[in-house]
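There are 2 protein chains.
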Amino acid sequence: MGTIDGLRFYGGADAYLAACPSRQILDLLANKWTMLVMGALGGGPLRFGELRRRLDGITQKMLTQTLRNLERDGLISRTVYPTIPPRVDYAATDLGHSVIELLKAVRVWSEKHINDVLDARDAYDERAAREPQPLA
Amino acid sequence: MGTIDGLRFYGGADAYLAACPSRQILDLLANKWTMLVMGALGGGPLRFGELRRRLDGITQKMLTQTLRNLERDGLISRTVYPTIPPRVDYAATDLGHSVIELLKAVRVWSEKHINDVLDARDAYDERAAREPQPLA
DNA sequence: CAGCATCCAATTAGATACTG
DNA sequence: CAGTATCTAATTGGATGCTG
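Top to bottom, those sequences are chains A and B. Residue numbering for the first sequence follows the numbering used here, beginning at 1 and increasing consecutively. Residue numbering for the second sequence follows the numbering used here, beginning at 1 and increasing consecutively.
1) Span of the alpha helix (DSSP H) holding A:Asp116?
2) Counting only Cβ pairs nearer than 8 Å, list the residues of chain A close to B:Ala92.
3) Are A:Val106 and A:Leu70 touching if we call contact CB-CB under 8 Å?
4) What does DSSP give as the partner residues of B:Leu46 in its beta bridges?
5) Given a cut-off of 8 Å on the beta-carbon distance, is the pair A:Lys32 and B:Ala120 in contact?
6) Would you give the residue range spanned by the alpha helix (DSSP H) that A:Ile25 belongs to?
7) Starting from the beta carbon of A:Gly42, find every residue of chain B whose beta carbon is closer than 8 Å, and list them in chain order.
8) Which term fits B:Ile114, buried or exposed, when burial requires 16 or more other beta carbons within 10 angstroms of its beta carbon?
9) So for B:Thr66, helix, strand or coil by DSSP?
10) Contact between the segment 42-51 of chain B and the segment 83-92 of chain B: three or more CB pairs below 8 Å?
11) Is there a C-beta anywhere in chain B that falls below 8 Å from the one on A:Arg47?
12) May I have the straight-line CA-CA distance separating A:Lys110 from B:Leu118, to the nearest angstrom?
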């Protein structure tokens, strides 16, 4: 069992409560890079460099940080091959695989609804620009 | 159609590309407060104060900011009743409802797998503490 | 009640240089 | 190749005071 401050959580978890540990887990998952890393690993193990190239715009530092957090929380495994040059493989664990599809669904939604969102955004911005000053 | 810098996106969206607008949308969704707000609105419209009480730990500023972003992107609607004192209702739009279940799945996963994650975390931290210094 | 404005602290993220 | 370490810039977030 996992513990936090000596307490155990069997059920009744509620991410709406700030003190509930599920809030921390939600915070790990509710992250752009986590979503993309896990999605990439859904297709099988990848090396550090492969991930970096796949996740356009991520810096080496952020990738390292994201991977460490995911490893620490048991969503991915890290395998080091003591070769020269070194080779490190990252792979989703069983636990990780169980969440990948959920995260992927969110990413796919984003890709599918781009135009709905951009339309709404344009309309909102245009309305805001045309509106009289709230009060002057 | 939504546009960004005069470009239109019909298909082939890819959140793995930094310049793809779906990356921005993913960033909006991949957020702790977005997840919780949308989840709360899945049960029907709520007032500002109701949301604030429901989302334990959120500040007024963050709630306002989150709600504005969601409204701008068309996921929620905002209805002002010009009464005294004022009353403002927030409700998921059709577009918003279409993503709520996906986000809820992520939150529920967090709540269900607390112990798996905490176990992994404990094991990782213990291993790290026991490990010899990487190199001194 | 439902905010907005402001100031400040803390966290996050990028750039750069270096290593087994 | 796969990082670590460090410094700095930018963003986020919290606290407080005020308003229609």
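C-beta atoms are modelled at their ideal positions from N, C-alpha and C, and glycine is treated no differently.
Taking the structure as given:
1) Note, A:Asp116: alpha helix (DSSP H), 114-130.
2) Per Cβ cutoff of 8 Å: no residues; B:Ala92 is ~13 Å from chain A at best.
3) no
4) Per DSSP, B:Tyr90.
5) For A:Lys32 and B:Ala120, no; Cβs fall outside 8 Å.
6) 21-29
7) Going along chain B, no residue has its Cβ under 8 Å from A:Gly42, so there is no contact; the nearest lies around 12 Å.
8) buried
9) helix
10) yes
11) A:Arg47 does not count as touching chain B.
12) The sequence given here has Ser at residue 110 of chain A, not Lys. Rounded to the nearest angstrom, the two C-alpha atoms are 30 Å apart.
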